[in-house]
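Note sheet for the following structure.
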Amino acid sequence: MSRLKISTEMARAYDPSLVEERIYSFWDANGYFSPVIDKDKQPFVLIMPPPNVTGELHMGHALTLAIEDMMVRWHRMKGDPTLFLPGTDHAGIATQVVVERLLATEGLTRHDIGREEFENRIWKWVDQYG
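Listed below in structure tokens is the structure:
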């Protein structure tokens with residue numbers, strides 16, 4: 002395996018353009034983006050849904066993603082066949098539930114206000130928190 006020489010000097014401010022292109026090219030040239038399939042090993046697969054628009058983002062969101070990222074990297078370093086699949090969704094159900102709870106505080110249901118107004122309320126929520 003090739004090794005990438007990394008400078009020991011630290012800049013006053015981080016400039017990603019000085020680092021990322023060189024490292025990305027190194028990873029690409031050494032096949033780090035190519036999956037290794039070993040049918041004798043148990044694969045590790047983690048599905049990462051996009052964030053739901055259920056309220057303001059908080060430290061819990063960052064913590065969850067950091068832990069998931071760490072788990073995927075750990076399995077990959079162990080040599081496990083690993084897949085971190087981003088972008089799956091479950092049809093916005095969590096956002097719908099939050100908006101329905103807000104309607105309940107007004108004594109309303111989505112059926113009371115009709116589909117068009119319910120969608121308007123969802124988009125208003127998304128505009129505020131999305």
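Here this note's numbering is used: position 14 in the sequence shown is 15, and no number is missing along the way.
All C-beta atoms in this analysis are idealised placements derived from N, C-alpha and C, irrespective of residue type, glycine included.
Computed from a prediction, not measured in an experiment: that's the story for all the values here.
With a CB to CB cut of under 7 Å and the five nearest residues on each side skipped, what residues in its chain are close to residue i?
i: D70; result: none
i: I38; result: P82
i: R111; result: E101, L104, F119
If distances are taken between C-alpha atoms only, which option among the options comes closest to residue i?
i: E118; options: E101, Q129, Q43; result: E101
i: K163; options: G56, P44, H62, S26; result: There is simply no residue 163 to check, as the chain begins at 2 and stops at 131 in what is shown.
i: P36; options: W124, G56, H76, A95; result: H76
i: Y33; options: E107, R74, A63; result: R74
In chain order, what residues of the same chain lie with their CB nearer than 8 Å to the CB of residue i, ignoring the 5 residues before and after it?
i: I7; result: none
i: A12; result: L19
Taking 6 Å as the limit between beta carbons, can you name the residues of its chain near residue i, skipping five residues before and five after?
i: E22; result: none
i: V46; result: L84
i: S3; result: N31
Do residue j and residue i have their beta-carbon atoms positioned less than 8 Å apart in this structure?
i: I27; j: L5; result: According to the sequence as given, residue 27 is Phe; it is not Ile. It is a contact, given that the beta carbons lie within the stated cut-off.
Of all the alpha helix (DSSP H) runs that stay within the bounds of the segment 94-128, which reach a length of 4 or more residues?
94-106
Kindly provide the ranges of any beta strand (DSSP E) runs that are 3 or more residues long and lie completely inside the segment 38-88, ordered along the chain.
45-49, 83-87
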